[in-house]
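All remarks here apply to the structure that follows.
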Amino acid sequence: MRRREFVGTCAAAAFAGVAAPSAMAHDMPSASETGDVPFSLSVMLWTVYRNLPFEQRLEKVSEAGYHAVELVGEFKDWKKQDFADARRKKLELGIVFDGTTGVWQPLADASARELFLKSLREFIPTMRELECTRLIMQTGDAVPGLSRAEMHANCVETLKHGGDIAAENNIELLIENIDPEENPKYFLTLSAEGFEIVRSVANPHVKFLYDFFHEQIAAGNLIAKLQKNLDLVGLVHVADVPGRHEPGTGEINFANIFRTLGELGYNRYVAMEFEPKGETVASLRAAREMALKFGRSEKKQSSNAIHSRRFYATA
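Mapping of the sequence shown onto the numbering used here: residues 84 to 398, in sequence order.
Pasting the structure below:
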């Protein structure tokens, strides 16, 4: 199952009510987690242990050595107590929710703009419940009858309005490309155009999710684009090509990618979004060890983080 298929079951989620913020955010990478590696590591939870209860899935990720996960609607049927239980469990394990999906209206269609902004405002209370400050979004499919230039401009304009809402609430919006083999109807297939969109929005609360799996299939030349656009990168996703499996199973030289992230001083999250070929915990551990081994390089200084203020729900 690919993430696009998984998230299709989550689009009708009913979201929790507004909760009063009370706790300081602690979801940025910590130097204590990875020693002299500037980035921290996360797991996109949809890829692992889908048949286990949520808390057991967190336990497995923690067993593999990770301190962060990203969500794709696992919370869609949760009640208030479920959110409280999840906060308790992640605190017990020392885990944060560093990113989530949850707003599905397209960006490339201007007619959906007001609905997108409404949905964004309505989803922020759920982000508070999750204690999560990064929202992963997609541009949606190409709109029949519109040129690429028009759809590009629509994305920029919608994200300018969305970025204002994000700034008010001290969250980040992350857009990503999807390769045309996975979804030939999707508008944003190339990271180069994604970086152009984010640069045009010109709001530090709007960033690009650089997914190496999708970009390798769509265009390749992964490291040069990372070096050129580091200031626009809010998150990176890791899976090898072909097959969306762990680093080292395919054609991407992840040793060089992790080394480049370290040398550039990339200080955000690197999220594993692969479906393990081997035993899951062992595969996650091996990917973590590889990232830390090659990420320990002489680093430049990078500072593109939003510093979180009080945002979270009460326990």
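Every residue, glycine too, gets a C-beta built ideally from N, C-alpha and C. Everything numeric in this text was worked out from a predicted model, so none of it was measured.
Test item: CB-CB of residue i and residue j under 8 angstroms
i: F357; j: A322; result: yes
i: E138; j: F166; result: no
i: V316; j: Y352; result: no
i: L190; j: G223; result: yes
i: L257; j: R217; result: yes
i: I403; j: H288; result: The first residue shown for the chain is 84 and the last is 398, placing residue 403 beyond what the model contains.
i: L198; j: I248; result: no
i: A147; j: R371; result: yes
i: T363; j: K162; result: no
i: V120; j: G361; result: no
i: V186; j: F158; result: no
i: A62; j: F270; result: Residue 62 is absent from the structure shown; the chain starts at 84 and stops at 398.
Exposure label - residue i; buried when at least 16 CB within 10 Å
i: Y149; result: buried
i: H109; result: Low confidence applies to H109: its pLDDT is 43, below 50, so where it sits in the model is not reliable, and the reading given next is rough at best. So H109 counts as exposed.
i: L242; result: buried
i: E175; result: exposed
i: G378; result: buried
i: L375; result: buried
i: G277; result: buried
i: P330; result: buried
i: M107; result: Summary for M107: the model assigns pLDDT 32, below 50, so the residue's position carries little reliability, and this model does not support an answer.
i: R133; result: exposed
i: R170; result: buried
i: K311; result: exposed
i: L309; result: buried
i: S386; result: Legend: pLDDT at S386 = 49, less than 50; position of this residue unreliable, value from coordinates given subsequently. Classification of S386: exposed, given that the 10 Å Cβ count is below 16.
i: N252; result: buried
i: E259; result: buried
i: E334; result: exposed
i: A99; result: Unreliable placement is indicated for A99, whose pLDDT of 34 sits below 50; the coordinate value is still reported in the next sentence. Buried.
i: L124; result: buried
Anticipated Cβ contact below 8 angstroms, residue i with residue j, distance rounded
i: I280; j: H235; result: 7 angstroms
i: V131; j: P359; result: 7 angstroms
i: G245; j: L203; result: 6 angstroms
i: L367; j: L313; result: Contact doesn't hold; Cβ gap of about 26 angstroms is too wide.
Member of the options whose CA lies at the smallest distance from the CA of residue i
i: M127; options: A169, K172 and T183; result: T183
i: A275; options: I261, P287 and E153; result: I261
i: P267; options: I254, H297, R140 and C238; result: H297
i: F180; options: A354, Y349 and V364; result: A354
i: W129; options: L141, F295, S123 and A225; result: L141
i: L229; options: I207, A193, P208 and E197; result: A193
i: V319; options: H328, G331 and Y349; result: Y349
i: I300; options: L309, L313 and R327; result: R327
i: L154; options: I219, P121 and P136; result: I219
i: K290; options: M210, C238 and E233; result: C238
i: T209; options: F295, Q164, P227 and E233; result: Q164
i: E264; options: E334, P227 and V324; result: V324
i: C215; options: L135, K173, S283 and N336; result: K173
Residue i CB to nearest heavy atom of the ligand NAD below 7 angstroms
i: P208; result: Here there are no bound small molecules, and the ligand NAD is not part of this structure.
Write down every uninterrupted run of the alpha helix (DSSP H) in the region 180 to 227 whose length is 4 residues or greater and which is fully enclosed by it, in chain order. 196 to 213
Within the region 216 to 286, note down every full beta strand (DSSP E) run reaching 3 residues or more, in order along the chain. 217 to 221 and 255 to 259
Please list the segments of the beta strand (DSSP E) lying wholly inside the region 308 to 350, counting only runs of 3 or more residues, in order along the chain. 316 to 321
Go through the region 116 to 164 residue by residue and report every complete run of the alpha helix (DSSP H) that reaches 4 residues or more, in order. Every alpha helix (DSSP H) of 4 residues or more that sits fully in the region 116 to 164 is shown, in chain order, as 137 to 146.
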